[in-house]
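Report on one structure; see the data block that follows.
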Amino acid sequence: MASNGGSNGYSSGTGTEKINTDIISLTRFLTEEQAKHKEATGDFTLLCHALQFSFKSIAYYIRRATLINLTGLAGSSNITGDDQKKLDVIGNDLFVAAMRGSGRCRAVVSEEEDEIIYFDDSPNARYVVACDPIDGSSNLDAGVSVGTIFGVFKLPDSVIGRKPTAEDLLMPGSELLAAGFTMYGASAQLVITMKGGSVNGFTLDNALGEFILTHPDMRIPKKRAIYSVNEGNSMYWTDKTKAYFESLKYPKEEGGKPYSSRYIGSMVADAYRTLLYGGIFAYPADKKSPKGKLRILYECAPMAMVMENAGGNAVDSNMARMLDIKPATIHDRSGIFMGSPEEMDKVLEAHK
Ligand code: AHG
Ligand code: MN
Ligand code: MN
C-alpha cells in the first residue's frame, strides 16, 4: 500500500512503522489559528515567530553552556536581589533582541531588567510582553530543567501612539492575550495558550529546528496525590498552610495513603509536571516573604492562565483567583497555589 492519502496524518510506507507525514509545526499551527480570526492582522503571529526564535536560541545556549563556559555567575544582581547567572543575562538579551526585532512589541518587562524596556522604533506596536527569561536558574549549573515564562498583553487603543506608562502595564492576568512557557529539559517543550482557548504543547525537534505539536488540547488530571513545595520554608508558613500540607502527609481516613512529594525548584518544570500528571504546586507567602516569592507579571499570571485553560485552578495566598491580582509594581510578588481542580478544592477548604 502506498499511502492512505494522509487522511489521518499517517502514511503507511512500506513497513509497519507509522510515519507522520502531516506534521503540525508551531509555524503551521499559528498560521491556521490566524486564519480562524478574520480580523487578525498577522501581527500576533509575527510576535509568536519572534518568541519561538528566542526559545530556540536559549535552548541552544543552555545545551552548550558547560562546553562554552556559560556556567556560573555574571557578577551582577537583578532588582529582586537575585545574583544573575551568565545565562540569565544571555537569555534576557536574546529575548529582548527577539522582541525588538519583531517590530510588533512596544515594551518588555523582564525579571532581569529593573525598568520597562521600550521599543521606540515600533511606536505603534500593540503588544507588551512580560518574561522570566530563565526560570529556575539556580538549577542551571547542575543541568536540571529550567524554562522561560512569557505573557503577552495587548495595549488598548487609548494607549497606541503614545508611550505606555508603568500604570498601563500593571494589568491583571485576566487581561493576558496569550501566555505560556518553554521548559528546557530532555527536550525543549513549549506550552502556549490564548485567552479563553485551549492549551497546546509542542516539542522542539532539534534536527528540523521546529516546535512540533505533540500535546494538543492539554487537560490537567482532575486529581493526583502529588504535592510540590519548598518544604524547607515550612517553619515560616501560616498555621493553615502548615495544616494543609500535614493533611496530605498524614491522611485522617483509615488506611489513607500519604501524598508523594516532588520539588524540582524550577517553577516551569514543577508546573509542567503538574500539568501532565496532576497534583498541586505551591509557593505560599510566608513570614519570611509576606508577599510571596514568585513575581506576578511574568511567573504567577502566565502559569495561572495555562492552569485555568487546561481545566485547573490557581489562587494567591489569600485564596483569591490569581488571574484577578493586579500587580502594584512591575516586579510585584505573590504567593501561589495551583494545580488539579480537586486538589485546589482541598487547598481552598483548608485555608477557609
Ligand atoms: P528564578 O530562577 O527566575 O529566580 O525563579 C526561581 C523560582 C522558581 O523557579 C522556583 O519555583 C522558586 O524560585 C524556587 O525557589 P526556592 O529555591 O526558594 O525553592
Ligand atoms: Mn523565575
Ligand atoms: Mn529567572
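Each number in my numbering comes from the position in the sequence shown (counting from 1) with 1031 added on.
Ideal placement from N, C-alpha and C gives every residue a C-beta, glycine not left out.
Asked: The region 1343-1356 in contact with the region 1306-1323 per 3-pair CB rule at 8 Å; Found: yes
Asked: Those runs of the beta strand (DSSP E) which lie wholly inside the region 1138-1163 and span at least 3 residues; Found: none
Asked: At least three beta-carbon pairs within less than 8 Å, the region 1259-1266 to the region 1143-1152; Found: no
Asked: beta-carbon Asn-1123 near ligand 1 non-hydrogen atom, thresh 7 Å; Found: no
Asked: DSSP three-state assignment for Asn-1123, whether helix, strand or coil; Found: helix
Asked: 8 Å CB neighbourhood of Met-1369 in its chain, flanking five on each side removed; Found: Ala-1302, Thr-1305, Ile-1311, Phe-1312, Ala-1313, Met-1334, Ala-1335, Met-1338, Gly-1343, Asn-1344, Ala-1345, Val-1346, Met-1353 and Met-1375
Asked: Beta-bridge pairing of Leu-1104 - partner residues as DSSP gives them; Found: Lys-1116
Asked: Distance cut-off 7 Å: Met-1412 Cβ against heavy atoms of ligand 2; Found: With the chain covering 1032 to 1383 only, the question about residue 1412 has no answer from this structure.
Asked: Near ligand 1: Ser-1205 beta-carbon under 7 Å from a heavy atom; Found: no
Asked: Coarse secondary structure for Glu-1241, derived from DSSP in three states; Found: strand
Asked: Contact between the region 1323-1333 and the region 1157-1166 (3+ Cβ pairs under 8 Å); Found: yes
Asked: Exposure of Ile-1099, with buried meaning 16 or more beta-carbon neighbours within 10 Å; Found: exposed
Asked: Candidates Lys-1067, Ile-1121, Asp-1074 and Val-1140, of which the one nearest Ala-1090 by Cα; Found: Ile-1121
Asked: Runs of beta strand (DSSP E) lying entirely within the region 1159-1205, each at least 3 residues, in chain order; Found: 1177-1185
Asked: Residues that Thr-1224 bridges to, as DSSP identifies them; Found: Ala-1210 and Val-1230
Asked: Rounded distance between the beta-carbons of Ala-1219 and Phe-1084, thought under 8 Å; Found: Wrong, their Cβ atoms sit about 12 Å apart, outside the cutoff.
Asked: Nearest to Leu-1279 (by Cα), restricted to the options Phe-1184, Leu-1118, Ser-1292 and Ile-1327; Found: Ser-1292
Asked: Ligand 2 heavy atom lying under 7 Å from the CB of Glu-1144; Found: no
Asked: Proximity test, Lys-1254 beta-carbon vs ligand 1 heavy atom, cut-off 7 Å; Found: no
Asked: Same chain, Cβ closer than 7 Å to Lys-1185, five either side skipped, listed in chain order; Found: Arg-1157, Tyr-1158 and Leu-1208
Asked: For Met-1375, the first and last residue of its enclosing alpha helix (DSSP H); Found: 1372-1381
Asked: Sequence-distant residues of the same chain with beta carbon closer than 7 Å to Gly-1366, five excluded per side; Found: Tyr-1314, Pro-1315, Ala-1316, Gly-1323, Asp-1347 and Ser-1348
Asked: Simplified DSSP assignment, three categories, for Ala-1335; Found: helix
Asked: Beta-carbon contacts of Ala-1129 that lie in its chain and below 8 Å, excluding the five residues immediately before and after; Found: Ala-1081, Leu-1082, Phe-1084, Ser-1085 and Ser-1088
Asked: Cβ neighbours of Ser-1168 in the same chain (closer than 7 Å, five flanking residues each side left out); Found: Lys-1116, Leu-1118, Asp-1119 and Val-1177
Asked: Exposed unless 16 or more other CB atoms sit within 10 angstroms - verdict on Lys-1383; Found: exposed
Asked: Three-state secondary structure assigned by DSSP to Arg-1352; Found: strand
Asked: Sequence-distant residues of the same chain with beta carbon closer than 7 Å to Pro-1247, five excluded per side; Found: Asn-1231
Asked: Integer Cβ distance of Ala-1341 from Arg-1255, believed to fall under 8 Å; Found: That pair is no contact at about 13 Å.
Asked: Contacting residues, own chain, Cβ-Cβ under 6 Å from Val-1139 (five flanking each side not counted); Found: Val-1127, Met-1130, Ile-1148 and Val-1160
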